[in-house]
Amino acid sequence: MAMQQTGSQPPRRRRATGTGTRNPLVALAIALPVAALLAYAFGGWHQFALQANTMVQMMSR
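Numbered as in UniProt numbering, the sequence shown ends at 61 without a single skipped number.
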């Protein structure tokens with residue numbers, strides 16, 4: 001049997017509210033490996049090292 005549209009909105013799923021918000025260190029532990037992988041995959045490490053080297057040279061003058 002087909003479901004009928006009655007005009008009312010379907011019930012929304014509610015997110016389970018455990019302890020509240022996530023600890024920022026947990027979010028950092030999740031995000032840093034992904035950021036490191038993307039930087040390595042797209043050559044970001046080389047660019048970072050090049051810019052850091054340039055800044056050190058400018059500051060040492």
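Ideal Cβ placement from N, Cα and C applies to all residues, glycine included.
Given the structure is predicted, the values throughout are model-derived calculations rather than measurements.
Local conformation of residue i per DSSP, three classes
i: Asn-53; result: helix
For residue j and residue i, the rounded distance between their alpha carbons
i: Arg-12; j: Phe-42; result: 40 Å
i: Pro-24; j: Asn-53; result: 31 Å
i: Ala-31; j: Leu-37; result: 10 Å
i: Thr-55; j: Phe-48; result: Note that residue 55 is Met in the sequence shown, not Thr. Taking the straight line joining both Cα atoms gives about 11 Å.
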